[in-house]
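Residue numbers for the sequence shown follow this note's numbering, beginning at 57 and rising by one. Note that beta-carbon positions come from the ideal geometry of N, C-alpha and C, so glycine has one too. Every value quoted in this text rests on a predicted model; they were computed, and no experiment measured them.
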Amino acid sequence: MKDEREKWARIRIIMIGTIFGAMFLTIIGRAFYLQILQHEELIKKADRQHQHRVDLTPARGSILDRNGTPLAESIHMDSCYAEPKRIKDVDGTATVLAPLLGMPKQELVAKLSLNKSFTWLVRWVPPDTATRIKNMKLTGIGFAPESKRFYPNIETAAHVIGFTGRDPNGLEGIEKKYDSTILGNTGYMITERDALGRNIAIKSTVVKDSSPGNSVVLTLDKTIQFITEKELAKAVNGSNAKGGMALVMEADTGKVLAMANYPTFNPNSYSRYSLNELRNRVVADSFEPGSTFKVFTIAAALDAGVIKANDVYNCENGNYRIINRVIHDDHPHSSLSISEIIKYSSNIGSAKIGFKMGEERMSAYLRNFGFGGRTGIDLPGEASGYLKRNWYKIDLATISFGQGVSLSTVQLASALSAIANGGTLMKPYLVERILDDSGREVQRFEPQVVRRVVSPETASKMTKMMETVTGEGGTGTKAAVDGYRVAGKTGTAQKVDPVTRTYSPTKRIGSFVGFVPADKPKLTIVVIIDEPQGIKYGGVVAAPAFREIAQNTLAYLKIVPNMPIAKKEKAPEAEEEDVQEPEALSEGEIEDTTNAGAVMPDFRGMSMRGVLQVMEKRSINIRLIGSGRATEQSPPPGQAIKGTGAVWVKFTPSA
């Protein structure tokens, strides 16, 4: 009996031990699972429960011209926020803050009364205002450092650079195309919460600064861009035109040195402008080229061997009937050589050359020049233009002199550069290098050959023919540049009325395209004037702008004249100085008229962001030069800002 009891006692001990052992192992296993396997996930979950994260505006890298001059920068500013749950005197806090933040008191009261632990009040507060509010030490009111996008050159290259939203994601231009490259890492602010989810004191807030993204270096040259914008504005205003476009490109590389639209806009306050004003028409708009297209018709025919440079065509004394249509020349001629067809811009001669080429060959050459397809330039919203697939007989004639086909300004410049550089189509581009936040190069873009379009011999023959356009008796004599050989072509095209879908009897596009020096081309320049009033010919409204852009840019690049100087010019030293310092040139044609009637503040000693805040508050446009603290300004403090005067502030680094 005793043995029986001892036996059951051992069994009970073993059972109880087994149960406790199993429980112990279960606890050990659970602890291992929670503390080892689930450690990271539980830490994150705890953080989410006990911390409130507020993302801060990420810093963006800079956009620089090819010489390193900033075109777009991010500046650090304070943004004001509130923790409503910690504010006891809502009315009193709103009364104090409303005039400083420029907000209606009732709107501020509504924000401070929210059942939230965090809300933004005003983003990017002026430095002096932020300092005053900080010194008040208001309960539940704090500041977080953020970045704001700033464009120091106001309108210069606005359509190329583009702009950003508050996010701040790129919305247009280079800012949009290279958004993922330029945009930095988002900073954030963390406030601790207690077990009930209530915010702990504001002084326990932890802020992680945002880090800047990569910077991009453009092929654009700020000085050439300024010259181009100034002359384009002068041409548009001088002809009372609707607008204009201009492009300057390196003929042998495809690098874009300047890209201008007029009217332009101020990217620091882009919301004031219409979508039409913000669109980069050089890339996004297509139009009928008119007589500038004859260059490519004749180049194609020469290269295909269907015509010879010394051929002569009967130009029908200005009237040529094709089926039920009559083609006219502005100036009647009986017979013209190939070179004279270019020089006098004969529609009839071009149409007959087109017929000799035939639809299939003509279409193939034009598509090789890049018409009917995008160039691939590194900007958003590029138009492809329009080139028919199926042509009728009349189409072959009209397309030969630039009617019934559409293209963009960048397509036209790219195709013309193929003539200038000996027959090779290059891909146009704007970004040359990408730099990291320490300034080290991480990527470089090189010129890209698309394909050979015509032979060097054909390109050379076309260049000589195009030189006659700017010579005596040509249609583009106003584009001649003293001291340099100029190859070019005028164009005057009818616009299609969007309502009637027929050619407008009054609306025209005047243009001049060319390259210089013609013997060793460096620059391809295209100038387009949209709907000029009065005299509408491209040789009158666009050619003078071409001449001034070419003359000033050649001087700036120190390309020495190799032809006799026909006119008395300024000394080279004075001319170079004027071009290299665009601030010293008259900017009346491109400045924002909102400056008119304003008085120049005293900016001396202020930082760049301080100057920016005053500009925004008073709605004035000022060109900012350099970096550091403001040391000089024009006009002096207290003087009226005239809409046609140069307005600038120069900054010098602190010692």
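Neighbour-count burial assignment, residue i, 16 or more Cβ in a 10 Å radius
i: S494; result: exposed
i: R660; result: exposed
i: K391; result: The sequence shown places Ser at residue 391, rather than the Lys named in the question. That one is exposed.
i: K144; result: exposed
i: H387; result: exposed
i: H215; result: buried
i: H541; result: Looking at the sequence itself, residue 541 is Arg, so the reference to His does not match. With 16 or more other Cβ atoms within 10 Å, it is buried.
i: L170; result: exposed
i: N477; result: buried
i: P345; result: buried
i: P11; result: In the structure as shown, the chain starts at 57 and stops at 711, and residue 11 therefore has no counterpart that could be examined.
i: I581; result: buried
i: D658; result: exposed
i: Y442; result: exposed
i: P39; result: Residue 39 is absent from the structure shown; the chain starts at 57 and stops at 711.
C-alpha gap between residue i and residue j, whole angstroms
i: H132; j: K204; result: 6 Å
i: L481; j: K350; result: 18 Å
i: N324; j: I210; result: 7 Å
i: N225; j: A316; result: 23 Å
i: K290; j: E587; result: 15 Å
i: P691; j: V670; result: 16 Å
i: I92; j: T82; result: 15 Å
i: T465; j: G437; result: 13 Å
i: G684; j: L120; result: 17 Å
i: W447; j: L331; result: 35 Å
i: M301; j: F282; result: 14 Å
i: K563; j: R423; result: 28 Å
i: W176; j: A200; result: 10 Å
i: G544; j: V616; result: 20 Å
i: A407; j: A453; result: 4 Å
i: I238; j: Y326; result: 20 Å
i: T279; j: Y207; result: 16 Å
i: G405; j: R603; result: 28 Å
i: L373; j: E396; result: According to the sequence as given, residue 373 is Asn; it is not Leu. Near 14 Å, if we compare the C-alpha coordinates of E396 and N373.
i: I676; j: T431; result: 38 Å
i: L303; j: A297; result: 18 Å
Reduced DSSP category for residue i - H, G, I as helix; E, B as strand; rest coil
i: S663; result: strand
i: V510; result: coil
i: N375; result: strand
i: F501; result: coil
i: D586; result: strand
i: M315; result: strand
i: L613; result: coil
i: L392; result: strand
i: I678; result: coil
i: G346; result: helix
i: W704; result: strand
i: A686; result: strand
i: L276; result: coil
i: P35; result: The chain is shown only over 57 to 711; residue 35 falls outside these bounds and no answer can be derived.
i: G198; result: strand
i: R116; result: strand
i: V461; result: coil
i: A654; result: strand
i: T480; result: strand
i: I404; result: helix
i: N241; result: strand
i: N370; result: strand
i: A302; result: strand
i: V466; result: helix
Closest residue to residue i among the options (Cα-Cα distance)
i: R335; options: T309, S236 and A439; result: A439
i: Q504; options: K520, K483 and E497; result: K483
i: M619; options: S456, A536 and A598; result: A536
i: E415; options: A356, D367 and S393; result: A356
i: F457; options: S347, V506, A474 and M656; result: S347
i: T185; options: K161, A154, P160 and V165; result: A154
i: N380; options: D451, A686, G441 and K190; result: D451
i: V552; options: E604, I398, V461 and E528; result: V461
i: S567; options: T548, I280 and K578; result: T548
i: T531; options: T309, L579 and V597; result: V597
i: R507; options: R417, T546, I433 and G426; result: G426
i: I455; options: T279, R430, V338 and G410; result: G410
Report the start-end ranges of each beta strand (DSSP E) in the stretch 120-186 that is 3 residues or longer and not cut off at the edges.
126-138 and 175-181
May I have a chain-ordered list of the alpha helix (DSSP H) segments no shorter than 4 residues that lie completely inside the stretch 507-580?
512-523
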